[in-house]
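Student: In our numbering, each number is its position in the sequence shown, counted from 1, plus 332.
The beta carbon of each residue, even a glycine, is placed where N, CA and C say it ideally should be.
Computed from a predicted structure; not experimentally measured.
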Amino acid sequence: MEDAQMAQGLARQSGAAAPGREEAALLFGTALERVRVFHSLHGRLPEPAGAGEQDEPILGAWLDHQRHRRATDGLPPWKDNELTRALGSMWWSGEEDGGTRPLPFH
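1) I'd like the list of long-range same chain contacts for Trp423, defined as Cβ closer than 6 Å, with 5 residues on each side in sequence excluded.
2) Using CA coordinates, which residue listed in Ala403, Pro409 and Lys411 is at the minimum distance from Ser425?
3) First and last residue of the alpha helix (DSSP H) that includes Ser425?
4) How far does the alpha helix (DSSP H) with Glu388 in it reach, from first residue to last?
5) Under 7 Å Cβ to Cβ from Ala418, same chain only, skipping five residues before and after it: list those, please.
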């Protein structure tokens, strides 16, 4: 669901029609790559209230939603692993130095 919501937000920004459910399912990888690039360029993760780039609020909200899903065991392990592989544990720990180790598959 969060991927579909992000897709709609990005589509509204670009003026394009919102993608269907299948396309939204593919958006996770695109959103993750955009967050990774944002971090690479800015040295920090996007924030929902941030104004660093036009899509920072959308990327920040998407990342916050992933954190919430992780904390409530609603994030599939493959997504957790992809986020941790791309961003390290800082994506969920909030610590640039890595914090504690990510949870293993459950």
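Tutor: To lay it out plainly:
1) Leu415
2) Ala403
3) Met422 to Ser425
4) Glu388 to Ala403
5) Leu364 and Arg368
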